[in-house]
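Here the structure comes first, spelled out in structure tokens, and everything after it is commentary.
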Amino acid sequence: LNAKHPITIAVMGCEVNGPGEAKNAYIGIAAGKGSGVIFKKGKVIKRVKKRDFVKEIIKNL
Numbered sequence: 054l055n056a057k058h059p060i061t062i063a064v065m066g067c068e069v070n071g072p073g074e075a076k077n078a079y080i081g082i083a084a085g086k087g088s089g090v091i092f093k094k095g096k097v098i099k100r101v102k103k104r105d106f107v108k109e110i111i112k113n114l
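Take 54 as the starting number for the sequence shown in our numbering and just add one per residue.
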């Protein structure tokens, strides 16, 4: 990955609190059982399955 500017990626263990707790991160994932949510700047943008976590984070950078 060649980022043009510094970014912060958060990996959180709770879908409920994760996006708010990591709101200063550029992008992140908050995981639940078998799935999770991708968020940008504290706002949920997409629900994804566990197998797609990394692919979706990269796609949404």
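Don't be surprised by glycine CBs; every beta carbon is placed ideally from N, CA and C.
Which residue marks the beginning of the beta strand (DSSP E) containing residue i, and which one marks its end?
i: residue 98; result: 96-102
Looking only at DSSP bridge pairs, what is residue i linked to?
i: residue 89; result: 84, 101
i: residue 64; result: 82
Quick one: measure Cβ to Cβ for residue i and residue j, integer angstroms, because I've assumed they're closer than 8 Å.
i: residue 91; j: residue 110; result: 7 Å
Is residue j closer than 8 Å to residue i when the C-beta atoms are compared?
i: residue 98; j: residue 89; result: no
i: residue 94; j: residue 79; result: yes
If distances are taken between C-alpha atoms only, which option among the options comes closest to residue i?
i: residue 66; options: 95, 102, 86, 104; result: 86
i: residue 107; options: 76, 72, 64, 74; result: 64
Starting from residue i, follow the alpha helix (DSSP H) in both directions and report where the run begins and ends.
i: residue 72; result: 71-74
i: residue 112; result: 106-112
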